[in-house]
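**Q**
Protein chains: 2
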Amino acid sequence: MAVTIRDVAQRAGVSKTTVSRVLNGRDELDARTAARVRAVIDELGYVPNARAVAFARGSTRVVAMLLPSLTWPWIGEVVQAAIEVVEDAGYGMLVFTTTQGDQSMRRFTEHVSARAFDGLLVVEPEGTLDYIQSLHDEGLPVVLVDDRGHEPRFASVATTNRLGALAAAHHLLAIGRTRPLVVSGDPRFGCVQDRLAGFAEGFSAAGRSLDPLLTVEGDFTHESGQAAVARALEAHLTFDAVFVHNDSMATGVMAELRRSGLRIPDDVAVVGFDDLPSAAQTEPPLTSVHQPIREMGQAAARALLASFAGTPLPTTPIVLPTSFTVRASTTG
Amino acid sequence: MAVTIRDVAQRAGVSKTTVSRVLNGRDELDARTAARVRAVIDELGYVPNARAVAFARGSTRVVAMLLPSLTWPWIGEVVQAAIEVVEDAGYGMLVFTTTQGDQSMRRFTEHVSARAFDGLLVVEPEGTLDYIQSLHDEGLPVVLVDDRGHEPRFASVATTNRLGALAAAHHLLAIGRTRPLVVSGDPRFGCVQDRLAGFAEGFSAAGRSLDPLLTVEGDFTHESGQAAVARALEAHLTFDAVFVHNDSMATGVMAELRRSGLRIPDDVAVVGFDDLPSAAQTEPPLTSVHQPIREMGQAAARALLASFAGTPLPTTPIVLPTSFTVRASTTG
DNA sequence: CTGAAAGCGCTTACAG
DNA sequence: CTGAAAGCGCTTACAG
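Residue numbers (our numbering), protein chains in the order written: chain A, 1 to 332; chain B, 333 to 664.
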């Protein structure tokens, strides 16, 4: 049998109430009483039963995270960072993914209804923003880690997509590239629009406009980057650089460029977006707009935990700045 | 106020006991009573409070997973697969990582003592096997997803490291390569020993022995693969193939080979191990021993869930076979 | 087939 | 500063 608060109380010669007070750090306690109780707790190796505490207190000390999938590198980084913050606070992190579509969402909803956790961090699975919004409206503390450029009416953490793309433009101009191909993500995403706008802005500020034919659409996968470049080359487009909306597509872009006999960066410079750890391992290493991914995960988790302690969740997005990492794909 | 079992009972004109029976699918029930109760449950949108159920039943319907980190691709795949199985069963998955060392382990131990979950899946953080063993000995259901080639005295899921390496040897011999460089992982790991043994076995079965100078040690990182090849070339070793103990090192190996002007596979063929999704995206695409990673995660989760239902955990490892994926890095 | 009652192990007003 | 008692929302013998 596990040791309970009752055992501790008996052994210390106090009531369960007093033990509970020691456990929860209430201050209306005689110091010697508290010390004695603490000694007994150590002696017996007592740890309060999490199930009973959750039940009695009405909160679980567990945070949930809802994600499209765990197998995307970007998401892995975010989750890892968030977990570290959550663990530090003595909380647990319950992870839900939506790889099984409606079935997944139904399961998740059950856990919400069952009040299985105190708050929620979200990297939005496609098309679930309204649902998340409704959870928030019903009183569940929610923080969105926003990789899509939404503008939700609840707490969120985002990055400076426009400024990041602007930095990419400045860099390419600085190394003398004037006809960049742009491989974008799905233009329905706000982040994609921001990246397109920031990049164009950088060129127009330098008195150069972008050839509209030189913007092609990808879907953030390696394959789509490869295909985009293949199409551009087939159409005999000429370009001296490629600005790619994420690193995965950028590796596809570089693969296709090399297949076509083009040298990177001599013939074509390549700039990615994300700057995941793997960007340093491509060939050549990839210049990329750095997203503060870990910081975003941490900030989201911290905001959520703070809300449990009474600090209201922020009503405007927490925006963390991108930076710019230069590697050999632009400065070989 | 959330709706409780009491509300349902009142509205249906039965006792809470009866509602509980309907909820838990006991069969000693009048069909019409059950139907009526179910109707009320739907009408009120009642979902049992997970905290109360966990407390009353003494089990949480939550499984935990202990991991070194979420940012390694191999682990991401395992966790994703395990989560899907766990979610399907209506369970939640609590994820703990040990990126913060002792601090992390202390936090995790608290959750164990607090009985915050019913069972544990583990990808062993370095040096914690004895601790995991002790949790098992104290009665916590544990299943190890074994990427290290341990032989634990509790349930585990593993793969055929020796046979996988044997297949790599056969393939290289089949394409006429006779002097392979081997870039291994840390030889303290059982899986590394198995891969070394299987590979050597394949060559000796063909009447060829491996040059001991041609086995160099890496640490499973991209950089170590790169460094290993750099050292080998510097030492003027000659080889016509490289067998690398994982895909990450293999990309490092390929990068260094290309830097040295060697063509893949014409001058040097490369075989990796793992066959992560990214292996199809390297340049050239990587031939690799395929580990059934998803299947391992699923099998571990299934075994754990089955143990809750009364099926004892297996006492010998569940071993899932590797396969062999041929790509352009050996057959360009 | 059904219900009244005890119990799971804590927390928290309330009273002193 | 401390304790007795109620209560959190379920499950589960036990009795009928």
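A virtual CB, placed ideally from N, CA and C, is assigned to each residue, including glycine.
1) Spell out whether any CB of chain A is found under 8 Å from the CB atom of V427 (chain B).
2) Quick one: which residues of the stretch 77 to 101 of chain A get their C-beta closer than 8 Å to a C-beta of chain B? List them in chain order.
3) Chain B partners of S69 (chain A), CB-CB under 9 Å?
4) Roughly how many angstroms separate the alpha carbons of E217 (chain A) and Q226 (chain A), rounded to a whole number?
5) How would you list, in chain order, the residues of chain B whose beta-carbon sits under 7 Å from the beta-carbon of T60 (chain A)?
6) Could you have a look at I650 (chain B) and say whether DSSP puts it in helix, strand or coil?
7) Taking Cβ to Cβ, would you say G534 (chain B) is nearer than 8 Å to H502 (chain B)?
8) Below 7 Å between beta carbons is the criterion; list the residues of the stretch 276 to 295 of chain A that meet it against any residue of chain B, in chain order.
9) Count the other C-beta atoms from every protein chain shown that fall within 10 angstroms of the C-beta of T349 (chain B), then say buried if there are 16 or more, exposed otherwise.
10) What residues of chain A sit near E442 (chain B), judged by a beta carbon separation below 8 Å?
11) Measure the Cβ-Cβ separation of L504 (chain B) and V600 (chain B) and say whether it is below 8 Å.
12) Return helix, strand or coil for G557 (chain B), following the three-state DSSP convention.
13) Would you check if the stretch 426 to 433 of chain B and the stretch 393 to 406 of chain B touch, i.e. whether three or more CB-CB distances between them fall below 8 Å?
14) Helix, strand or coil, according to DSSP, for F486 (chain B) in the structure here?
15) When DSSP builds the beta bridges, which residues end up paired with M93 (chain A)?
16) For the stretch 92 to 127 of chain A, list the alpha helix (DSSP H) runs that are entirely contained and at least 4 residues long, ordered along the chain.
17) So, with DSSP's three-state summary, where would you put V85 (chain A)?
18) Go to E28 (chain A), then tell me how far its beta strand (DSSP E) extends in each direction, as first and last residue.
19) How long is the line joining the alpha carbons of A306 (chain A) and P312 (chain A), rounded to whole angstroms?
20) Which value, in whole angstroms, describes the spacing of the CA atoms of A367 (chain B) and V3 (chain A)?
21) Could you say which of B:T583, B:S541 and B:V351 lies nearest to V561 (chain B) if we only look at CA atoms?
22) Could you tell me which residues DSSP puts in a beta bridge with L144 (chain A)?
23) Show which residues of chain A have a CB atom less than 7 Å away from the CB atom of F387 (chain B).
24) Need the endpoints of the alpha helix (DSSP H) that S248 (chain A) sits in, please.
25) Check whether the Cβ of S347 (chain B) lies closer than 8 Å to any Cβ atom in chain A.
26) Considering only residues of the same chain and omitting the five flanking positions on each side of F296 (chain A), which have a CB-CB separation below 7 Å?
27) Between the Cα of G459 (chain B) and the Cα atoms of B:V474, B:D434, B:D469 and B:V475, which residue gives the shortest distance?
28) What span of residues does the alpha helix (DSSP H) with L355 (chain B) cover, start to end?
29) Any contact of the stretch 382 to 396 of chain B with the stretch 439 to 453 of chain B, i.e. 3+ C-beta pairs under 8 Å?
30) Taking buried to mean at least 16 other C-beta atoms within 10 Å of its own C-beta, is L545 (chain B) buried or exposed?
31) Could you compute how far the alpha carbon of S436 (chain B) sits from the alpha carbon of D88 (chain A)?
**A** The answer reads as follows:
1) yes
2) E77, V79, Q80, I83, E84, E87, D88, G90, G92, M93, L94, V95, F96, T97, T99 and Q100
3) Proximity of chain B to S69 (chain A) at the Cβ level (cut-off 9 Å) is accounted for by G408 and Q412, in chain order.
4) Taking the straight line from one Cα to the other gives about 11 Å.
5) R383
6) In the three-state DSSP reduction, I650 (chain B) falls in the strand class (E or B).
7) Yes, they are a contact pair.
8) Answer set for the stretch 276 to 295 of chain A: Q281 and E283.
9) exposed
10) V47 and G90
11) no
12) helix
13) yes
14) DSSP places F486 (chain B) in coil when its eight states are reduced to three.
15) A:V63
16) Counting only runs of 4+ residues, the alpha helix (DSSP H) found wholly inside the stretch 92 to 127 of chain A occupies 101 to 113, in chain order.
17) DSSP places V85 (chain A) in helix when its eight states are reduced to three.
18) Here E28 (chain A) belongs to no beta strand (DSSP E), and DSSP marks it neither H nor E.
19) 8 Å
20) 42 Å
21) B:T583
22) A:V122 and A:S156
23) R51, A52 and F55
24) D247 to R259
25) no
26) The sequence given here has Met at residue 296 (chain A), not Phe. Excluding residues within five positions, the ones whose Cβ falls inside 7 Å are V78, V145, V157, T159 and L320.
27) B:D434
28) K348 to L355
29) Taking a cut-off of 8 Å for Cβ pairs, the stretch 382 to 396 of chain B and the stretch 439 to 453 of chain B touch, as three or more such pairs fall below it.
30) exposed
31) Across the structure, S436 (chain B) and D88 (chain A) are spaced so that their CA atoms are roughly 8 Å apart.
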